[in-house]
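Under this note's numbering, think of the first position of the sequence shown as 3, with each following residue one higher.
Note that the Cβ used here is the ideal one computed from N, Cα and C, for glycine as well.
All values reported here derive from a predicted model rather than from experimental measurement.
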Amino acid sequence: MRIERLIPGRWLAVVLLPLLAACGDSSDGSGGGNKIEGMLPLGEYQDGLITFYDATGAGNCSYDPSPGNLDVAAMNIGQYLNSAVCGSCVEIEGPKGNLRVRIVDSCPDCPDKGHLDLSRSAFAKIADPVDGRVRVRWRPVACDVSGPVSYHIKDGSSQWWTAVQVRNHRLPVTKLEYRKNGAWVDVKRESYNYFVEPKGMGEGAIQIRVTAQDGQTLEDTLPGATSNKLFSGGSQFRAPTGGN
Numbered sequence: 003m004r005i006e007r008l009i010p011g012r013w014l015a016v017v018l019l020p021l022l023a024a025c026g027d028s029s030d031g032s033g034g035g036n037k038i039e040g041m042l043p044l045g046e047y048q049d050g051l052i053t054f055y056d057a058t059g060a061g062n063c064s065y066d067p068s069p070g071n072l073d074v075a076a077m078n079i080g081q082y083l084n085s086a087v088c089g090s091c092v093e094i095e096g097p098k099g100n101l102r103v104r105i106v107d108s109c110p111d112c113p114d115k116g117h118l119d120l121s122r123s124a125f126a127k128i129a130d131p132v133d134g135r136v137r138v139r140w141r142p143v144a145c146d147v148s149g150p151v152s153y154h155i156k157d158g159s160s161q162w163w164t165a166v167q168v169r170n171h172r173l174p175v176t177k178l179e180y181r182k183n184g185a186w187v188d189v190k191r192e193s194y195n196y197f198v199e200p201k202g203m204g205e206g207a208i209q210i211r212v213t214a215q216d217g218q219t220l221e222d223t224l225p226g227a228t229s230n231k232l233f234s235g236g237s238q239f240r241a242p243t244g245g246n
């Protein structure tokens with residue numbers, strides 16, 4: 003898929019939300035809303051279980067298959083959090099070593115908290131596939147990504163119905179807003195990992211603001227709601243200072 007890069011300096015602004023939050027509530031929706039109940043903080047350990055399946059990198063998170071990188075996992079249904087964990091990464095401590103995987107799917111047949119369903123190859127890196135089900139512990143960590151975040155406009159999108167997905171993000175994304183009539187409008191995230199504005203985001207350029215779990219925000223301007231288009235943003239979330 004061809005990626006269109008936004009022009010640095012014209013399209014990008016970076017906002018430090020923690021500083022703004024100290025100023026109190028704002029009528030345009032800034033200064034909060036990045037907390038999701040049930041989401042583990044970065045670095046906090048979770049006791050769990052790993053199994054494996056024939057993963058392709060695609061799944062409920064609506065990503066493209068990634069045959070070149072199958073260090074991926076499906077999250078148990080209780081901690082999938084309506085796709086809030088999509089694109090985030092966890093580090094698993096297994097019997098044969100540690101492995102960082104990216105969440106690309108949900109596992110409806112995994113009712114237990116802490117259960118991760120890995121690709122076959124990922125499972126084999128940290129446990130013996132003969133065992134099938136292995137007790138582990140894991141923790142959310144920053145993803146080892148390069149380059150800026152990117153935005154995929156879902157097929158079928160237009161000025162009258164717009165769906166945006168954030169990709170290649172270092173930290174979990176908890177919120178997406180767009181600018182309308184001088185104010186930021188919160189966009190609902192669907193279980194298939196797109197932020198959907200059912201009335202559309204309008205004609206022409208779209209100002210986007212994305213919030214990470216730790217409160218960092220990025221602003222970009224997309225050229226428009228062009229169906230099935232991938233745009234490269236102008237920046238990336240900073241890595242956490244604790245090294246997670």
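The residues Leu44, Ser90, Ala144, Cys145, Ala214, Gln215, Asp216, Gln218, Phe239, Pro242, in chain order, have a CB closer than 8 angstroms to that of Leu173 in the same chain once the five nearest residues on each side in sequence are set aside. Per DSSP, Phe233 lies in no alpha helix (DSSP H) segment; the continuous beta strand (DSSP E) that holds it begins and ends at 231–234. Nearest to Asn84 by C-alpha distance, out of Pro67, Arg104, Ser108, is Ser108.
Sequence-distant partners of Val136 (beyond 5 residues in either direction) whose C-beta falls short of 6 angstroms from its own C-beta, in its chain, are Ile52, Ala129.
Between the segment 102–116 and the segment 148–168, the count of Cβ pairs shorter than 8 angstroms is below three; the stretches do not touch.
Remark: three or more beta-carbon pairs, one from each stretch, lie closer than 8 angstroms, so the segment 192–208 and the segment 220–228 are flagged as touching. Distance check between Asn183 and each of Tyr47, Ile208, Thr176 places Ile208 closest, using alpha-carbon atoms only.
Distance from the Cα of Pro142 is smallest, within the candidate group Ala86, Trp163, Ala126, Phe54, for Ala86.
Judged by DSSP in its simplified three-state form, Ile79 adopts coil rather than helix or strand. Residue Phe125 holds the alpha-carbon nearest to the alpha-carbon of Gly96 among Gln161, Ile210, Phe125, His117. Within the segment 109–189, the alpha helix (DSSP H) runs of at least 4 residues that lie entirely inside it are, in chain order, 122–128. Using a Cβ distance threshold of 9 angstroms, Val106 and Ala165 do not count as a contacting pair. Straight through space, the alpha carbons of Ile210 and Lys231 are spaced by roughly 15 angstroms. Checking the DSSP bridge columns, you'll see Ile38 has no partner listed.
Here DSSP, grouped into helix, strand and coil, assigns Asn62 to coil. The three-state reading of DSSP puts Asn84 in helix, counting H, G and I together.
Proximity to Tyr55 across Lys115, Ser64, Asp66, Arg122 peaks at Arg122, based on C-alpha coordinates. In this structure, the beta-carbon distance from Asp73 to Val103 falls below 9 angstroms. DSSP lists Asn100, Arg139 as the bridge partner or partners of Glu95.
Judged by DSSP in its simplified three-state form, Arg240 adopts coil rather than helix or strand.
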